[in-house]
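Input: a single structure, listed below in structure tokens.
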Amino acid sequence: MSDRDEAFAEYFAARSGSLRATAYLLCGDWHRAEDLVSTTFTKLYLRWGRVNRQESLDPYVRQVLIRTFIDEGRWGWWRRERPHDTLTDRPVTPAVQTEDRLVLLRALAEVPPRQRAVLVLRYWQDLSVEETAAALGCSAGTVKSQAARGLATLRALIGAPVTAD
Numbered sequence: 024m025s026d027r028d029e030a031f032a033e034y035f036a037a038r039s040g041s042l043r044a045t046a047y048l049l050c051g052d053w054h055r056a057e058d059l060v061s062t063t064f065t066k067l068y069l070r071w072g073r074v075n076r077q078e079s080l081d082p083y084v085r086q087v088l089i090r091t092f093i094d095e096g097r098w099g100w101w102r103r104e105r106p107h108d109t110l111t112d113r114p115v116t117p118a119v120q121t122e123d124r125l126v127l128l129r130a131l132a133e134v135p136p137r138q139r140a141v142l143v144l145r146y147w148q149d150l151s152v153e154e155t156a157a158a159l160g161c162s163a164g165t166v167k168s169q170a171a172r173g174l175a176t177l178r179a180l181i182g183a184p185v186t187a188d
């Protein structure tokens, strides 16, 4: 295995799990999340010679994941199948499988893709407004407005207060 491939394999091993969790939050389906992560890492591997010298690959990889998610949503192929209401890849514990969590995940799946991407990056990945803007390729103001609209959509779907905290 070449040094290039070894470096890529190390990065993949270190980051694929967290990227998979982010992808799941975006799409609400573990299988589709796997597809998004696979596509993201395929795109990354093709550019690995140019991008692995960057100080931090994580923002770049998040941006590729988000763009892949949004682009696939435009194609509409995923509308043929609907995810199940249960989290099949998660350990079954009372804290993980609460009704509130399932309600929130179902509602999150109904939020428009750009707003959902902002909510996932800001509140699950705990990125700053500026980091989220960089990942999505938009302005900080757009991130703020999309976050506000996304939270308003969640409030309407859930019928209960949703806070950013």
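Positions 24 to 188 (our numbering) are the ones given, in order, by the sequence shown. Ideal Cβ placement from N, Cα and C applies to all residues, glycine included. Predicted model, so just to flag it, every value in this text is computed and none were measured.
Assumed close pair residue i, residue j - CB separation to whole angstroms, cut-off 8 Å
| i | j | result |
| --- | --- | --- |
| ARG137 | ILE93 | 7 Å |
| LEU80 | TYR34 | 7 Å |
Buried versus exposed, by CB contacts within 10 Å (16 or more), residue i
| i | result |
| --- | --- |
| GLY51 | buried |
| ALA30 | exposed |
| ARG145 | buried |
| LEU69 | exposed |
| THR91 | buried |
| THR274 | Limits of the chain in this structure are 24 at one end and 188 at the other, which puts residue 274 out of reach. |
| ARG103 | Model confidence at ARG103 stands at a pLDDT of 46, short of 50, so the residue's coordinates are unreliable; what they give is reported in the following sentence. ARG103 comes out exposed. |
| LEU67 | buried |
CB of residue i within 9 Å of CB of residue j, strictly
| i | j | result |
| --- | --- | --- |
| VAL84 | THR63 | yes |
| ALA163 | PRO82 | no |
| LEU177 | GLN86 | no |
| VAL152 | VAL134 | no |
| ARG38 | ASN75 | no |
| ALA36 | MET24 | no |
What alpha helix (DSSP H) runs, 4 residues minimum, are completely inside the stretch 48-101?
-> 53-69, 71-74 and 81-98
Would you call the stretch 139-148 and the stretch 157-175 in contact, with 3 or more CB pairs under 8 Å?
-> yes
When the Cβ atoms of the stretch 58-65 are set against those of the stretch 37-45, are three or more pairs found closer than 8 Å?
-> yes
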